[in-house]
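full-length UniProt numbering puts the first residue of the sequence shown at 1, with every later residue one more than the last.
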Amino acid sequence: MRGVPSRALRQPQIDDVKPAAHLARWPYRWTVALTYKISQPLIDKYTAGPSAQRTSQVKSLHENIRQALENWGDKKFDTFLQGSYRNGTAIADINDVDIVALYDPWNSPESSARWEWLFNHVAHILQQTSLMSGQVTIGDKCVKLDGQLKADIVPAISRTAYSSVDPIRVYSRRQRLERDNYPRTHYDNGVKKQTATGDAYKSTVRLFKRWIRQYPTLTAPSFYIECAVHSVENSAFNTYLPLSFASVGVELLKYSETSIIRSVAGDKDILVPAEWKPAHFVSFQQALRRDLPLVTGALGASTTYEADRLWCSAFGD
Numbered sequence: 001m002r003g004v005p006s007r008a009l010r011q012p013q014i015d016d017v018k019p020a021a022h023l024a025r026w027p028y029r030w031t032v033a034l035t036y037k038i039s040q041p042l043i044d045k046y047t048a049g050p051s052a053q054r055t056s057q058v059k060s061l062h063e064n065i066r067q068a069l070e071n072w073g074d075k076k077f078d079t080f081l082q083g084s085y086r087n088g089t090a091i092a093d094i095n096d097v098d099i100v101a102l103y104d105p106w107n108s109p110e111s112s113a114r115w116e117w118l119f120n121h122v123a124h125i126l127q128q129t130s131l132m133s134g135q136v137t138i139g140d141k142c143v144k145l146d147g148q149l150k151a152d153i154v155p156a157i158s159r160t161a162y163s164s165v166d167p168i169r170v171y172s173r174r175q176r177l178e179r180d181n182y183p184r185t186h187y188d189n190g191v192k193k194q195t196a197t198g199d200a201y202k203s204t205v206r207l208f209k210r211w212i213r214q215y216p217t218l219t220a221p222s223f224y225i226e227c228a229v230h231s232v233e234n235s236a237f238n239t240y241l242p243l244s245f246a247s248v249g250v251e252l253l254k255y256s257e258t259s260i261i262r263s264v265a266g267d268k269d270i271l272v273p274a275e276w277k278p279a280h281f282v283s284f285q286q287a288l289r290r291d292l293p294l295v296t297g298a299l300g301a302s303t304t305y306e307a308d309r310l311w312c313s314a315f316g317d
């Protein structure tokens, strides 16, 4: 169990979610030293990322795909991880990984026929190599590998050949449309946010991803949750992670369906009908509004039993 942290903790202003009375009394920016009763193993349970074994499996999968594309693709591919694994925001039981297969010789724009060739070229290499096993299929925006770990391999090109900077260009086969993507910028901005929040940002993202998992009917994709948490001001985060979850949650409840929430890379507004539909975001907020008082109640509990009960209840356990 964690006792009084070494520095004073900022308290969330949570009047609008009817929190425990002891927290509602204090303005958001006041500080106070408290002894919190939530058991540390239960905090770790909901903030955990992939195990060392799973991380090793992902590293091995990426290396095998890299080698296959290098051996069969005339050393014309540059591969790198993107998404939750790359960004350090994957939750413990995640079972899929995103890998960019950047075809260096080409530059944007390319014809639909050439894009189809590239998708089929990547799929053919994965089907022929002995470095991995699993069913290979071609999807709308990626080549899917269904093995022990599921992998989405995203064919991509750059605006200029052999470029090492964002944006890259990815393709929708269904829409026959190229679009910009900023995976390296997303990663870099996440690293900056992590530093600016005293290393609280990524763990807080994982808390929200783990929390929303209890609502399978809600449309709240991992990418959009990460963007929403990233949009919250740095001062709302705290190294005591239950408090960070509560404070960031309060800020997210202040948004409306007409708010602008930028992607982590900063290239677009995600709270639009073509991305995270505003109505879906409102449903996300409604669930958060119901559960946030459980977290604040856990923060204010006088016994470990009550703190743990409320904390676990907030996550559907």
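Glycine included, each C-beta is placed from N, C-alpha and C at the ideal position. This one's a predicted model, so the numbers in the text were calculated from it and none came from an experiment.
For residue i, which three-state DSSP category applies?
i           : result
residue 317 : coil
residue 214 : coil
residue 306 : helix
residue 311 : helix
residue 63  : helix
residue 188 : helix
residue 145 : strand
residue 177 : strand
residue 298 : helix
residue 207 : helix
residue 170 : strand
residue 183 : helix
residue 158 : strand
residue 200 : coil
residue 58  : helix
residue 38  : coil
residue 165 : coil
residue 140 : coil
residue 52  : helix
Leaving out five residues on either side along the sequence, give the residues of the same chain with a beta carbon under 7 Å from the beta carbon of residue i.
i           : result
residue 162 : 104
residue 248 : 204, 229, 232, 236 and 237
residue 176 : 112
residue 316 : 214
Where residue i and residue j are concerned, what is the direct C-alpha to C-alpha distance, given to the nearest angstrom?
i           : j           : result
residue 301 : residue 116 : 58 Å
residue 101 : residue 78  : 6 Å
residue 210 : residue 89  : 11 Å
residue 82  : residue 152 : 10 Å
residue 150 : residue 42  : 28 Å
residue 73  : residue 61  : 17 Å
residue 310 : residue 263 : 32 Å
residue 213 : residue 95  : 14 Å
residue 234 : residue 164 : 29 Å
residue 133 : residue 274 : 35 Å
Go through its chain and collect everything with a Cβ distance to residue i's Cβ below 6 Å, but skip five positions before and after it.
i           : result
residue 172 : 140 and 141
residue 324 : There is simply no residue 324 to check, as the chain begins at 1 and stops at 317 in what is shown.
residue 291 : 314
residue 91  : 206, 209 and 210
residue 58  : 85 and 97
residue 166 : 182, 184 and 185
residue 267 : 182
residue 64  : 131 and 132
Report yes if the CB atom of residue i is closer than 7 Å to the CB atom of residue j, and no otherwise.
i           : j           : result
residue 182 : residue 113 : no
residue 143 : residue 156 : no
residue 136 : residue 127 : yes
residue 280 : residue 219 : yes
residue 282 : residue 245 : no
residue 276 : residue 224 : yes
residue 304 : residue 37  : yes
residue 287 : residue 215 : yes
residue 131 : residue 67  : yes
residue 179 : residue 108 : no
If I measure Cβ to Cβ from residue i and keep anything under 8 Å in the same chain, skipping five residues before and after, which residues do I get?
i           : result
residue 187 : 82, 86 and 87
residue 257 : 271, 278, 279, 281 and 282
residue 285 : 252, 253 and 255
request  = Taking only runs that begin and end inside the segment 217 to 285, name each unbroken alpha helix (DSSP H) of 4 or more residues, in chain order.
outcome  = 222 to 231 and 241 to 253
key: Inside the UniProt domain "Polymerase nucleotidyl transferase" (66 to 119) only - alpha helix (DSSP H) runs reaching at least 4 residues   = 84 to 87
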